[in-house]
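Novice: Okay, here's the structure, questions in a sec.
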Amino acid sequence: MKQDWKPGTMIYPLPAVLVSCGSTPEEYNILTVAWTGTLCTNPPMCYISVRPERHSYEIIQRNMEFVINLTTHDMARATDWCGVRSGRDYNKFQEMGLTPGPCTMVSAPLIEESPLCIECRVKEILSLGSHDMFIADVVNVRADDKYLNPDTGKFELSHSNPLVYVHGNYYDLGTHIGKFGWSVEKKKKS
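Per my numbering, the very first residue in the sequence shown carries number 1389; after that it's consecutive.
Right, here's the structure in full:
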């Protein structure tokens, strides 16, 4: 039997990402975000939703760019810590031993420890309620070559032990079940 609950955001799991922002080292900051995702494939667009009272909000609004840094099991403590401490009070890069790195297309820093960094330029800000949505064009993607398959050149995120968020908790991803379209794939003849 199913129960009715009050309306809520129960779409899980979500990626637990670190969003880096700022145009100068003095301004650099990191914000943990789970309200993020893909909006469009062509042109590539994504979003993050941020509460207006967050320190990073004003930085992103002023510079109109940010970097979505995917996280790993090894980055779990930093991911949580950056979500519960304010950049007004701490230099999150220093406190968590994370390394800011240069981006190709935006002035915001990427996080060197991240397996995949998505450089974004804000296209529109939607005021939604508790959070505002920053809709952004993806202007570049930086992948750590240690996660590239040497035979295919494809990025293998599963080897990084990606971190996901489920209703206040962090988890590793589970077992690979199949690739897109595997359920209708025709078997090769021998």
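Glycine residues also receive a C-beta, built at the ideal position from the N, C-alpha and C atoms.
1. Have a look at G1489 and T1412 and give me their C-alpha separation to the nearest angstrom.
2. Is it the case that the Cβ atoms of Y1435 and T1420 are separated by a distance below 8 Å?
3. Do you know how far the Cα of F1454 is from the Cα of P1503?
4. For K1480, which three-state DSSP category applies?
5. Unbroken alpha helix (DSSP H) runs of length 4 or more, entirely within the region 1438 to 1484: which are they?
6. Does V1494 come within less than 8 Å of chain D when only Cβ atoms are used?
7. Whose CA, out of H1555, T1429, D1560, I1456, lies closest to the CA of L1498?
8. Between Q1482 and the rest of its own chain, which residues show a CB-CB distance below 7 Å, the 5 nearest in sequence each way excluded?
9. Do the region 1543 to 1560 and the region 1511 to 1521 make contact, defined as three or more Cβ pairs closer than 8 Å?
10. Taking DSSP as the reference, what is the three-state secondary structure of Y1416?
11. Please report the straight-line C-alpha distance between S1444 and K1575, rounded to a whole angstrom.
12. Provide the residue span of the beta strand (DSSP E) that contains C1505, from first to last.
13. For T1429, which of A1524, E1446, D1533 has the nearest alpha-carbon?
14. For S1408, which beta-bridge partners are listed by DSSP?
15. To which residues of the same chain is V1405 closer than 7 Å at the C-beta, ignoring the five residues directly before and after it?
16. Using a Cβ-based criterion (distance less than 7 Å to any ligand heavy atom), does N1430 qualify as near the ligand PLP?
17. Measuring alpha carbon to alpha carbon, tell me which of I1448, L1561, G1485, R1442 ends up nearest R1473.
18. Given H1461, which residues of its chain have a CB within under 7 Å of its CB, disregarding the five upstream and five downstream residues?
19. Quick check for students: name the residue ranges of the beta strand (DSSP E) that lie wholly in the region 1537 to 1568, counting only runs of 3 or more.
Specialist: From the atom records:
1. Taking the Cα positions, G1489 is about 12 Å away from T1412.
2. No, the Cβ-Cβ distance between Y1435 and T1420 is not below 8 Å.
3. Their Cα atoms are separated by approximately 16 Å.
4. Correct three-state label for K1480: helix.
5. Fully enclosed alpha helix (DSSP H) runs of 4 or longer: 1443 to 1451, 1464 to 1472, 1480 to 1484.
6. No chain D appears in this structure, which consists of one protein chain only.
7. Nearest neighbour of L1498 by Cα position, chosen from H1555, T1429, D1560, I1456, turns out to be I1456.
8. Excluding the 5 residues flanking it on each side, Q1482 has no same chain C-beta neighbour closer than 7 Å.
9. Segments in contact, no.
10. The answer is coil: DSSP assigns Y1416 none of H, G, I, E or B.
11. Approximately 50 Å, taken between the alpha carbons.
12. First-last of the beta strand (DSSP E) with C1505: 1504 to 1515.
13. A check of alpha carbon separations from T1429 across A1524, E1446, D1533 identifies A1524 as the nearest.
14. In the DSSP output, where bridge partners are listed per residue, S1408 has I1418, V1455.
15. A distance below 7 Å between beta-carbons, with the five flanking residues on each side excluded, links V1405 to the following residues of its chain, in chain order: V1421, T1424, I1456, N1457, L1458, T1459.
16. Of ligands this structure carries none, so the ligand PLP is not represented either.
17. Of the listed residues, the one whose Cα sits closest to R1473 is R1442.
18. Only N1549, L1551, D1560 meet the Cβ criterion.
19. List check, beta strand (DSSP E) in window: 1551 to 1554, 1557 to 1560.
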